[in-house]
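Chains as they are written, first to last, in this note's numbering: chain D, -1 to 491; chain W, 81 to 159. Just so you know, even glycine gets a beta-carbon here, dropped at the ideal spot from N, CA and C. Since the structure comes first, as structure tokens, the remarks are kept for the end.
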Amino acid sequence: MNLLVEIQKSIEEHRDMNAFYIEGTYHTYKDFAQVISDIRNVIRNTVANDEAVVGLITNNDIHTYASIIALWMEGKGYVPIHPDFPVSRNEVIIREAEVNAILDSSTDQVFKTHNTISTRILDTVQIDLIPVSVKAEDLGYIFFTSGTTGTPKGVPITFGNLEGFIEAFWALDYTLDSTDRCLQMFELTFDLSVFSYLAPILKGACIYTIPKEEIKYSYIFELMEDHKLTFMLMVPSILHYLRPYFDEIDCTSVRYSLFCGEALPLDVTEEWSSCIPNATIDNVYGPTECTIFCTDYTYRRNDSNKTHNGVLTIGKSMKNTITLIVDEDENEVANGESGELCLSGAQLTQGYWKNEEKNKEVFFNKEYKGKQTRFYRTGDLCSMDDEGDILYLGRIDFQAKIQGFRVEISEIEFETKAILSKTNAVAIAFKNAIHHTEIGLAIESLVFDTKELIESLKTKLPPYMIPTQVKFVDKFPLNTNGKTDRKKLKELF
Amino acid sequence: MELHTIKNKVKDVLTSILEHNNFEIHDELTAKDVDGWNSLSHMMIITKIEEEFNIKFKLRELNKLKNMGALVTLIQNKA
Chain D
-1 MNLLVEIQKS
9 IEEHRDMNAF
19 YIEGTYHTYK
29 DFAQVISDIR
39 NVIRNTVAND
49 EAVVGLITNN
59 DIHTYASIIA
69 LWMEGKGYVP
79 IHPDFPVSRN
89 EVIIREAEVN
99 AILDSSTDQV
109 FKTHNTISTR
119 ILDTVQIDLI
129 PVSVKAEDLG
139 YIFFTSGTTG
149 TPKGVPITFG
159 NLEGFIEAFW
169 ALDYTLDSTD
179 RCLQMFELTF
189 DLSVFSYLAP
199 ILKGACIYTI
209 PKEEIKYSYI
219 FELMEDHKLT
229 FMLMVPSILH
239 YLRPYFDEID
249 CTSVRYSLFC
259 GEALPLDVTE
269 EWSSCIPNAT
279 IDNVYGPTEC
289 TIFCTDYTYR
299 RNDSNKTHNG
309 VLTIGKSMKN
319 TITLIVDEDE
329 NEVANGESGE
339 LCLSGAQLTQ
349 GYWKNEEKNK
359 EVFFNKEYKG
369 KQTRFYRTGD
379 LCSMDDEGDI
389 LYLGRIDFQA
399 KIQGFRVEIS
409 EIEFETKAIL
419 SKTNAVAIAF
429 KNAIHHTEIG
439 LAIESLVFDT
449 KELIESLKTK
459 LPPYMIPTQV
469 KFVDKFPLNT
479 NGKTDRKKLK
489 ELF
Chain W
81 MELHTIKNKV
91 KDVLTSILEH
101 NNFEIHDELT
111 AKDVDGWNSL
121 SHMMIITKIE
131 EEFNIKFKLR
141 ELNKLKNMGA
151 LVTLIQNKA
């Protein structure tokens, strides 16, 4: 499979079909092809051949999506940069990824100091969707996720990884075609967005995005009802928001409803299934490091489903992924026993971007079926049953999931301590009254006004990482190992 | 219910959820103008308003709440 040729063929074949619905406006695949071609032209003229990746300001418009395809057609990868994230964090990403050029569709350029290329107003050129020849190891994108020492980790994903993912996804037998209307609810800095635009583009389907200022869950409902969405990937938090209104939802058009990014509880899924009576519901799982998602479980209607603590199984590995559950010494554990889930296969990243230390920590080689195979430690505690279905038991380390985003608790602590200097602080992920995960911050100090602290954190961390509650403790409790007792501190929230 | 009563109650809800009162209630006020009023707290604010006024919003109505004026009018029609 050649992913770029598949994209080219699909766009050409579906030229009169709608490609996007953005802020109330439809764009056909022909419109899309034109913007892609115009942006390719400017990339060729202004970006050096040896620049493997280009920054991309993630706006919600046709230019931004066309920029991704234009870069790919030129054999280049993109590094998404969120215009609403703190400048200092974005600058770290730009520096780490060695980004030189930045594509930006904003009317007011986000970065004035870099080689910013406006994609808003361009010369119109002949449509040209023929991709340059690319190698499997060329980069499709680098996404940055939360890191422990205040520096985000870059996860490079190649065209070979993407091809491995797409091939494995189609092998699951989703019958997506050009009549489908698909939801794209994710920020382009979140890799679930890649699936949400790429799968529809490859079939000539229409992609429905969410305007930045809208409340996501209620806007999704309107799209489902008014535009008869048929295909949607969402994070489970959306269901928690929608749950009080389930009795108002009856969307018979939905054919597929996929969930990824967080634990999917069975009880909510059961209730949701009545809102979308004709849909197949799937729970998919996977870290950014293994390209979007790599295991799949189809929810069984009116039948029993596999769960642990009320959370649905993440199912079996997809076609191009090998899953292995190991103990602390990297030995495979028996079925039914818990261990760390490790992944390998065509979707697996070559390693973190310029971060040998972290690579040594989380990648290891192990003989698997007679072959030396490179595995990635997910940090997820799992067990496998006799049928090969994987149960998700929880996190091994101190990562938390906030609104689907992976958050290293230690990064929040690092930034907090850097601001407070010599004051101990512990960040805690806790479930609030509506079962959402929030970040609480315990500070070992007498009470002080935290307004300044929170304001400083906002300049360092994206909004979902900002603590929503702060508690003061004279002296942190210790556990039997003499470590700060995080469980006790958690009880404060 | 009188408009100023509604507004005062809404102000109390915002203050209790957001834990500050650095805002003035007026018709053009939007979530963007108020610190900490994001999609997460929005849900909690809506739920609390429903409790306080003993009303229930329709999902579709939530999209029409473009500013404080729209919210107060909707509450008045329902309460």
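query: Residue from W:Asn101, W:Asp115 and W:Lys87 with nearest C-alpha to D:Ile464; result: W:Asp115
query: Closest Cα partner of D:Tyr254 within the set D:Leu240, D:Arg179 and D:Pro285; result: D:Arg179
query: With 16 other Cβ atoms within 10 Å as the buried cut-off, status of D:Gln124; result: exposed
query: Closest residue to D:Gln397 among D:Phe403, D:Tyr390, D:Ile388 and D:Ile407 (Cα-Cα distance); result: D:Ile407
query: From D:Glu10, D:Ile290 and D:Lys74, residue whose alpha carbon lies closest to that of D:Ile199; result: D:Glu10
query: Close beta carbons around D:Arg404, own chain, < 7 Å, minus the five adjacent residues each side; result: Thr143, Ser144 and Gln397
query: For D:Pro263: DSSP bridge partner residues; result: D:Val309
query: Reference D:Ile279, options D:Thr26, D:Val3, D:Leu231 and D:Leu101, closest by Cα; result: D:Leu231
query: Within 8 Å, strictly: CB atoms of W:Glu139 and W:Ile126; result: With the sequence shown as reference, residue 139 of chain W is identified as Leu, and Glu is not the correct amino acid for it. Their beta carbons are not under 8 Å apart, which means W:Leu139 does not touch W:Ile126 by this criterion.
query: CA-to-CA distance, D:Asn43 to D:Leu221, given in whole angstroms; result: 39 Å
query: When D:Ala50, D:Lys469, D:Val424 and D:Lys364 are compared against D:Ile155, the one with the closest alpha-carbon; result: D:Ala50
query: Straight-line Cα distance separating D:Asp121 from D:Asp36; result: 6 Å
query: Distance between D:Asn303 and D:Glu185 (C-alpha atoms, nearest Å); result: 31 Å
query: Contact list for D:Phe219 against chain W, beta-carbon separation under 9 Å; result: Leu139, Arg140, Leu142 and Asn143
query: Reference W:Leu109, options W:Thr153, W:Lys146 and W:Ala159, closest by Cα; result: W:Lys146
query: Beta-carbon proximity check, D:Asp59 vs D:Ile34, cutoff 8 Å; result: no
query: Strand pairing of D:Thr215, partner residues [DSSP]; result: This sequence places Tyr at residue 215 of chain D; Thr is not what is there. Answer by DSSP bridge pairing: none, since D:Tyr215 is not bridged.
query: Chain D contact residues for W:His122, given Cβ-Cβ distances below 8 Å; result: Ile213
query: Partner residues on chain W for D:Ser271, Cβ-Cβ distance less than 9 Å; result: Those do not exist, as D:Ser271 stays about 18 Å from chain W at its closest Cβ, beyond 9 Å.
query: Beta-carbon proximity of D:Lys488 to D:Ile426, cut-off 8 Å; result: yes
query: Bridge partners - D:Cys288, DSSP secondary structure assignment; result: Beta-bridge pairing links D:Cys288 to no other residue.
query: The alpha helix (DSSP H) enclosing W:His84, as first and last residue numbers; result: Leu83 to Leu98
query: Alpha helix (DSSP H) runs wholly inside the region 19 to 48 of chain D, at least 4 long, in chain order; result: 27 to 44
query: Assumed close pair D:Thr187, D:Thr56 - CB separation to whole angstroms, cut-off 8 Å; result: 6 Å
query: Between the CA atoms of D:Val468 and D:Phe428 - distance to the nearest angstrom; result: 12 Å
query: Chain-ordered neighbours of D:Pro461 on chain W, where CB pairs are closer than 8 Å; result: Asn118
query: CB of D:Ala95 within 8 Å of CB of D:Gly152, strictly; result: yes
query: Members of the region 233 to 248 of chain D that neighbour chain W once the beta carbon cut-off is set at 8 Å; result: Tyr239, Leu240, Pro242, Tyr243, Glu246 and Ile247
query: Contact set between D:Ser216 and chain W, taken where Cβ atoms lie within less than 8 Å; result: Leu139, Arg140, Leu142 and Asn143
query: Given 8 Å, three or more beta-carbon pairs between the region 413 to 425 of chain D and the region 378 to 393 of chain D; result: no
query: Cut-off 8 Å between Cβ atoms - residues of its own chain near D:Ser103, not counting five sequence neighbours on either side; result: Ile55, Asn57, Asp59, His61, Thr62, Ser65, Ser116, Thr117 and Arg118
query: Members of the region 420 to 434 of chain D near chain W, C-beta cut-off 9 Å; result: Asn430, Ala431, Ile432 and His434
query: D:Phe491 (DSSP reduced to helix, strand or coil); result: coil
query: For D:Gln397, three-class secondary structure by DSSP; result: strand
query: C-beta contact flag for D:Glu326 and D:Lys364 at 8 Å; result: no
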